[in-house]
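>
Residue numbers (the working numbering): 1153 to 1451.
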């Protein structure tokens, strides 16, 4: 199967068929992100997509696979008509596939009508992974996210109305060093996510990547990296202010996080907060700083 770039996929999709339909990210301006920094966005041809689907259908490992993840960047940016054509090919050759999942940006969702979103869901599109990053408008503006908090809430509510499953990926440490910044960002992120019905919430933590705009700011002394203590305080504040209307999984399994937590919100909220409090009481900020060498993290 054809894969042009380094593959990025959520941990949950480790058994899914990975099908390349685009390369790169249409926005590609977030200060912290180096994933597609030097990749020009392009669409894969339908001929190549069909060829890859046929190849997957002939592979014994994929024959009974129920999930398929679209690569790369933000494939949900494609027009609904093209996404429906891709779904048609998937179901023709891989009839066992039940869910077609992908990364999607707030703007990708915004550009589609309710009718188009409804048709896509009926065609199998679901479990969208959305880079929400933060509920703090100051943070979104700082990183040049390309959408506002209000837009994010509005578009996720549209998905709620159409009964989509979706996952919010959020980032701790965005605003840099400082407990006050961590508390404000955490509070606003928790409050934002309480207004929508994410199926899952996946915290990650900002890691400065060479070649990004954030790296240049850091190297020039214009940005001071959040401490591991700051990041834990922010994660706790998110949980403290997280009161979703429906149950949601929260998991910090990503290797950028200071601490691993996993549970169902709101059912296990107190347990998760207590776990963080236990770590905060047992380790000093200086000790926490030794836990992760962020310059060695592979993203």
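Positions of the beta carbon are idealized from the N, C-alpha and C atoms, including for glycine.
Since we're looking at a predicted model, the values are computed, not measured.
What does a CB cutoff of less than 7 Å around residue 1381 pick up in its chain, not counting 5 residues either side in sequence?
1437, 1440
> Considering only residues of the same chain and omitting the five flanking positions on each side of residue 1407, which have a CB-CB separation below 7 Å?
1449
> Classify residue 1331 as helix, strand or coil using the three-state DSSP reduction.
helix
> Alpha carbon to alpha carbon, how far is residue 1238 from residue 1428?
44 Å
> Which same chain residues end up closer than 7 Å to residue 1301 when comparing Cβ atoms and leaving out the 5 residues on each side of it in sequence?
Result list for residue 1301: 1287, 1289, 1292, 1344, in chain order.
> In terms of alpha-carbon separation, which member of 1184, 1161, 1296 lies closest to residue 1366?
1184
> Can you say whether residue 1168 is buried or exposed, counting buried as having 16 or more other CB atoms within 10 angstroms of its CB?
Classification of residue 1168: buried, given that the 10 Å Cβ count is 16 or more.
> For residue 1355, count neighbouring Cβ atoms within 10 angstroms of its own Cβ and tell me buried if that reaches 16, exposed if not.
buried
> Going residue by residue through the segment 1183 to 1221, where are the continuous alpha helix (DSSP H) segments of at least 4 residues, counting only ones entirely within it?
1198 to 1209
> Where does residue 1227 land, buried or exposed, given buried means 16+ other C-beta within 10 angstroms?
buried
> Measuring only the C-alpha atoms, how far is residue 1479 from residue 1248?
With the chain running from 1153 to 1451 in the structure shown, residue 1479 is simply not present.
> Mind checking which residues open and close the beta strand (DSSP E) that includes residue 1321?
1318 to 1324
> Does residue 1375 pass the burial test, meaning 16 or more other C-beta atoms within 10 Å, or should it be called exposed?
buried
> Taking the straight line between their C-alpha atoms, what separation do you get for residue 1179 and residue 1256?
11 Å
> Among residues of its own chain, excluding the 5 on either side of residue 1346, which ones have a beta-carbon nearer than 8 Å to its beta-carbon?
1393, 1394, 1395, 1396, 1397
> By the 10 Å Cβ neighbour count, where 16 or more other Cβ atoms means buried, how is residue 1159 classified, buried or exposed?
Residue environment analysis places residue 1159 among the exposed positions, since fewer than 16 neighbouring C-beta atoms fall within 10 angstroms of its C-beta.
> Is residue 1251 helix, strand or coil when you go by DSSP?
Looking at residue 1251 - three-state DSSP - the assignment turns out to be strand.
> I'd like to confirm the pairing. Which residues does DSSP put opposite residue 1354 in its beta bridges?
1321
> Can you give me the Cβ contacts of residue 1206 inside the same chain, cut-off strictly under 7 Å, excluding the 5 residues immediately before and after it?
Hits under 7 Å: 1245.
> What are the residues that DSSP puts in a beta bridge with residue 1281?
1255, 1319
> Suppose you measure from the CA of residue 1335 to the CA of residue 1426; what does that come to, to the nearest Å?
17 Å
> Any idea what DSSP makes of residue 1416, helix, strand or coil?
strand
> Using CA atoms only, rank isn't needed, just tell me which of 1352, 1186, 1358 is closest to residue 1414.
Out of 1352, 1186, 1358, 1352 has the C-alpha closest to the C-alpha of residue 1414.
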